[in-house]
Each structure stands twice: as C-alpha cells, then as structure tokens.
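Line by line, the protein sequences are chains B and P.
For the first sequence, the working numbering begins at 111 and goes up steadily by one.
For the second sequence, the working numbering begins at 149 and goes up steadily by one.
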Amino acid sequence: MISDSITNASATSAPRDSGKKKRNNKSAKMKQNKLGLRREQWLSQVAVSNKEGKEEKSVNRSEKSDQRDNQPVVCREEGNNGGNNLHHESFMESPSNSSVGGTDSSTNFSGRSSRSSSSSSGFCSGNVTEEENVDDDDDDDGCVDDWEAVADALAAEEEIEKESRLHESVKEQESVGQSASNVCDSISDASDVVCVKDPEQDCLRVASRKQESNRAWRPDDDLRPQGLPNLAKQLSFPELDKRFSSVAIPSSCPICYEDLDLTDSNFLPCPCGFRLCLFCHKTICDGDGRCPGCRKPYERNAIKAETSIQGGGLTIRLARSSSMFCKF
Amino acid sequence: MMTPGGSGRLRPLPTAMYAGYSGTASSWVAKTSVSASGKRIQREMAELNVDPPPDCSAGPKGDNLYHWIATIIGPSGTPYEGGIFFLDIIFPSDYPFKPPKLVFKTRIYHCNVDTAGDLSVDILRDSWSPALTITKVLQAIRSIFLKPEPYSPALPVIARLYLTDRDKHDEVAKEWTLRFAK
Chain B
111 MISDSITNAS ATSAPRDSGK KKRNNKSAKM KQNKLGLRRE QWLSQVAVSN
161 KEGKEEKSVN RSEKSDQRDN QPVVCREEGN NGGNNLHHES FMESPSNSSV
211 GGTDSSTNFS GRSSRSSSSS SGFCSGNVTE EENVDDDDDD DGCVDDWEAV
261 ADALAAEEEI EKESRLHESV KEQESVGQSA SNVCDSISDA SDVVCVKDPE
311 QDCLRVASRK QESNRAWRPD DDLRPQGLPN LAKQLSFPEL DKRFSSVAIP
361 SSCPICYEDL DLTDSNFLPC PCGFRLCLFC HKTICDGDGR CPGCRKPYER
411 NAIKAETSIQ GGGLTIRLAR SSSMFCKF
Chain P
149 MMTPGGSGRL RPLPTAMYAG YSGTASSWVA KTSVSASGKR IQREMAELNV
199 DPPPDCSAGP KGDNLYHWIA TIIGPSGTPY EGGIFFLDII FPSDYPFKPP
249 KLVFKTRIYH CNVDTAGDLS VDILRDSWSP ALTITKVLQA IRSIFLKPEP
299 YSPALPVIAR LYLTDRDKHD EVAKEWTLRF AK
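Right, dumping it as structure tokens:
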C-alpha cells in the first residue's frame, strides 16, 4: 500500500520542474508532516554542504542539545532490541538512498515516510555500529543528530536560504541522473525496512508530531495513532452500555462460571461487593447463607426484597436495579 | 461430553445433588460433568494447568472429574523439605457450596494432619467459601507446612511438642519425611 503510492508519486514527480516542486513543498508544509520534510531537505543539504552548515547550526543547536539527546537514546535502545542485522541491511541501502534519494525527497513528499525511515535507520545503524564505519558515520551522524534542531532553526530561518538549498538539491539530482525506476526500487527497499521497524518509526514520528503543532488528528489521517478513541464509535454507544462499562462487573459468576445476564449483573446481594448469579445465591441461602466474598451472613431483608421483585413487575425490578447501582 | 441441557439459565438447580463422585459407574461421571459443579471443576483444572501454585500440582486421578490427586513438595527451610506428599481430593456433588475433602495419602508428622491423613484446616471446614478454589486450598496447605497451626491441631500431641520443644519436633518430622515422603 505504501509502496504503491510511493511509486506513483515518484513516477509523476520525477519530471517536474523546480517551481512546481516548491509549490509542492508549500502544500506539504500545510500538512502535518512538514517537520519530516524539512528533515529530509536538511539531510540532502548536509550531504552536499556538510562543513559549512555545521558552524551556524552548532550555534542554534546549543540550546536544544538536551532534548535531542533524549530521543536518540530511546531510539538507540530500541534499535538494539531490533537487532544489528537489520540495521546493517538498512545501512547498506542507505548510502544509495541518502545520496540519491535524499535529494529526491525534497521534491517528492509522498515518499517522505520511507525517506525518513531510511534516514532514521541509517542513523540508528550509525550509532550502533559507530566503530565499524567511521568514515560514513560523519555524514549520517551529523545529519540526524541535528535534524530536530535544524527543523527548529529552519522555522526561524529565512525562506531564501531554503530555496537555495532546494535549488542545489535539484541540480544534484539531475547530475546524478537517476531513472524513475531506480527510485522506485530504492524506495520499495526502504519501505520494506519501514514495515519491519515500524514501532521505532512511529515513536519518532509521534514525537515530532507533538513537537510540531497542537492540531488535532484527522479521522482519515494515516499517521493517526491506533490508541486514539474513535469519536463516532463512541457516540454510537447507547447510554445504558456506557453506564455498565463504567462499573467493573465480572462477566461470569465466580461460583459456577456461568455468564452473568443483565439481572445477575444488577444483583448486588452483599455490601462487600461480591457478585454472583441468582442461582448460586439461592443455593447459598438455602445452606448457611453467608456471602462467599466476606463470609458474613447475607442480610435477610435483602433476600426478601429480592423475592418480592421476582414476583413483581418489570418496573419494580428496574427501580431496584437502579437503586443498586446507586450504591456504587 | 457437554449436553446443551446442562448449561445456560434453564439448568435445574437440584441436579447437582445427583451429580458427582459416587464411585459406582463411569457413565454417571460423564453425565454429571455438565452440572454446575462439573463446569466449575473443569474450569479450575484449566486454571491450575495454566497457573499452578508453587510446589503444587493436581489433576483428576482417572476419568472421574470429582476425584483428583495432588502433590505438594515440602518447602525448603522446613523439616518437610524434599518430601513429596500425595493428597486425595474428593469433590462433593454440590461443590463449590460444600468444601472438597482432602486427605493426605503420604504419612506426615504434622500437628494439623491426623493419623488418617485428614486435615484440620479451617477453610476446609467452617471457613469454607464457594469463592475459594482448589488452587487456594493447595496454597493454604503449603502454608501450614511453612507454619503449622498448633492451636487448632488434629493431633494435640504433636502440637504440644511443637510448642514446647521445637527442635525435637523438627527432628521427628524430618525423620518421617525421609522415611515416608521420599
């Protein structure tokens, strides 16, 4: 599903000129993923001008260094769980992506999810296998350590600088002379990596979201967390169900393990709160008549009230059940 | 095994009286396992298999759901350490409204177990509650291994020795464990 949309977008966006790309970028900024996009842009930019950028960034970075340090640590730990092999694989792909696809990402924002994953995976592998590939590390580490700070800095910085960056990246893309099919391959590879490394990616993404804006999730949002309640579904609940769900009632009788029906669920014979079905209650009352939960004898008047209810009509029973609920 | 008449709201209450361990014919057991006590015992068996209490195991002896056999391993740090103690569990037909009957089949020197193997544990007599399960009963028996209750003894002689000369009591209990439970 992801790879389909990516291939479409990449196929269509490849021949576009730079002006259209800028417009694309602006619409992307309107959407919620502008942080990821900026990170991509910056990634591509740093790949080109690594040294000159670092000087100004280090100034911007100094304040936020604490926040940034927290996140990569989490990511690194998860990465360790995920295993080094995975990161090695993704790292094998990431050089081709970061040099070729990284520049491409500034133009093609529907591919950014896979992009960010490839960059983040590259970042993780860079940290995990820091000693092994030192020379590659410089690029990757520099990139991703800074991306949040740069996102902030970019928000403050002038548009001009960014546009010049875009220009550069576009030129670089052309100079690389990649074909659309190449992009597709690399993206689909990257999207495979995304599928495997999803929780990590989600964590990153959610974090960036929270930082970015306070805008609410749209119901049709792809990146919307699964844990968020569905408002429409909740409204469809009848009031009765909501009332029942608020009280913890066992689904089955703890004595006989038969399911509790509505009458049983409303039946609260003892102030200790121990619930049981009417059958078991009657059996106990025929015997010693003590509550199984607290071993105190059941109150006789409560039992009499119960029998009168069984003889009575529906309205009486409802009144009784609601009064029993009021005890909570 | 399960017949539709046995479960659900329409089940007649008094059938439990005819159900259960009679020791006569196995066909009886198959029929009665659908009763309230049968469902309860089956559920307890499943729970015991999933989450057994420490040092304990229990299960039906044969195809009779109402007759189980249990083992308790003597906890370390007690004179019963290393011993394996077998118990018979017999569920009454109106279980869980009446307590199960537990009998030690392995001889044990313990003030709460008499010479016939019957236990003087309050939850198996007056303090029984239908909310208790066989898992909790086994845990209770294991706890009297760790800490006997000499003030409600089954054998007052042993209880007196336990209270007056604890070392002697432990020595004898250890000897019995070595002789009968290993």
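For glycine and all other residues, C-beta sits at the position ideal for the given N, C-alpha and C.
Since the model is a prediction, treat every value here as computed from it, not as a measurement.
| task | Report yes or no: is there a C-beta of chain B within less than 8 Å of the C-beta of P/K187? | result | yes
| said: For P/S291 and B/L333, what's the separation of their Cα atoms in angstroms? | reply: 53 Å
| Using a beta-carbon distance cut-off of less than 7 Å, what residues from the stretch 396-412 of chain B approach chain P? | G397, P402, G403, R405
| field | Rounded distance between the beta-carbons of P/S205 and P/T219, thought under 8 Å | value | 5 Å
| Local Cβ density within 10 Å of B/S361, reported as buried at 16 or more and exposed below that | exposed
| So which residues on chain P does B/P364 lean against when the C-beta distance must stay under 7 Å? | A279
| field | Contacting positions in the stretch 191-217 of chain P - beta carbon closer than 8 Å to chain B | value | R191
| task | Name, please, each residue of chain P whose Cβ falls closer than 7 Å to the Cβ of B/C380. | result | Per Cβ cutoff of 7 Å: no residues; B/C380 is ~11 Å from chain P at best.
| said: Looking at the secondary structure, which residues open and close the beta strand (DSSP E) in which B/C382 lies? | reply: Careful: B/C382 lies outside any beta strand (DSSP E) and carries neither H nor E.
| said: Run through the DSSP bridge pairs and tell me what B/D374 is partnered with. | reply: DSSP lists no partner for B/D374.
| Partners in chain B for P/F233, counting only beta-carbon separations shorter than 9 Å | Within chain B, no residue comes near P/F233; the closest Cβ sits about 28 Å away, beyond 9 Å.
| task | Could you pull out every residue in the same chain whose Cβ sits closer than 8 Å to the Cβ of P/Y310, ignoring the five residues on either side in sequence? | result | C259, P296, P298, H317
| request: Drop a sphere of 10 angstroms on the beta-carbon of P/M197, count the other beta-carbons inside from all chains shown, and report buried for 16 or more, exposed for fewer. | output: What sits at residue 197 of chain P in the sequence shown is Asn, not Met. Exposed, since its Cβ has fewer than 16 Cβ neighbours within 10 Å.
| According to DSSP, residues forming a beta bridge with P/D266 | P/V251
| In chain B, which residues lie less than 8 Å from P/V288 when you measure between Cβ atoms? | The question names Val, yet the displayed sequence has Ala at residue 288 of chain P. The contacting residues do not exist; P/A288 stays about 15 Å from chain B at best.
| query | Is the distance from the Cβ of P/A321 to the Cβ of P/Y228 below 8 Å? | reply | yes
| message | Taking the straight line between their C-alpha atoms, what separation do you get for B/E368 and P/F234? | response | 32 Å
| query | When you compare only the Cα positions, how much space is there between P/V285 and P/I271? | reply | 8 Å
| message | Checking 8 Å against the spacing of the C-beta atoms, do P/I237 and P/P248 come in under that value? | response | yes
| message | Among the candidates P/F245, P/G186, P/R314, P/P304, whose CA atom is the shortest distance from the CA of B/S390? | response | Just to set this straight, residue 390 of chain B is Cys in the shown sequence, not Ser. Looking at the Cα atoms, P/F245 is the closest of the given residues.
| query | Ordered along the chain, which non-local residues of its own chain (more than five positions away) have a Cβ less than 8 Å from that of B/K161? | reply | Confidence at B/K161 is low in this model, with a pLDDT of 49, below 50, so the placement of that residue should be treated as unreliable; the coordinate-derived value is given next. Cβ within range, chain order: n/a, list empty.
| request: Ignoring anything shorter than 4 residues or poking outside the stretch 182-208 of chain P, list the alpha helix (DSSP H) runs there in chain order. | output: 184-198
| said: I'd like to know if P/P247 contacts chain B, where contact means its C-beta is closer than 8 Å to some C-beta of that chain. | reply: no
| said: Against chain B, does P/S275 count as a neighbour if the rule is that its beta carbon must be under 8 Å from one of theirs? | reply: yes
| query | Nearest-angstrom Cα distance between B/L370 and P/T325? | reply | 47 Å
| query | P/R255 and P/F328: beta carbons closer than 8 Å? | reply | yes
| If you check the beta carbons only, do P/L294 and P/P223 fall under 8 Å apart? | yes
| Which same chain residues, not among the five before or five after P/K330, have their C-beta less than 8 Å away from its C-beta? | G230, G231, I232
| query | Given P/E323, which residues of its chain have a CB within under 7 Å of its CB, disregarding the five upstream and five downstream residues? | reply | none
| task | Report back the beta-carbon spacing between P/L267 and P/I282 to the nearest angstrom; my notes put them in contact at under 8 Å. | result | About 14 Å separates the two Cβ atoms, so there is no contact after all.
| said: In this structure, how does DSSP classify P/W276 when only helix, strand and coil are distinguished? | reply: coil
| task | Give the straight-line distance between the Cα atoms of P/K253 and P/D211, rounded to the nearest whole angstrom. | result | 20 Å
| request: State the start and end residues of the unbroken alpha helix (DSSP H) segment that holds P/I282. | output: 282-294
| message | For B/Q420, would you say it is in contact with chain P, using Cβ-to-Cβ distances shorter than 8 Å as the test? | response | Its pLDDT being 48, under 50, B/Q420 is placed unreliably in this model, and the value from its coordinates should be taken loosely. Not an interface residue.
| request: Per DSSP, which residues does P/H215 bridge with? Please list them. | output: P/I238
| field | Among B/G397, B/T393, B/E150, B/C401, nearest to B/L378 - alpha-carbon criterion | value | B/C401
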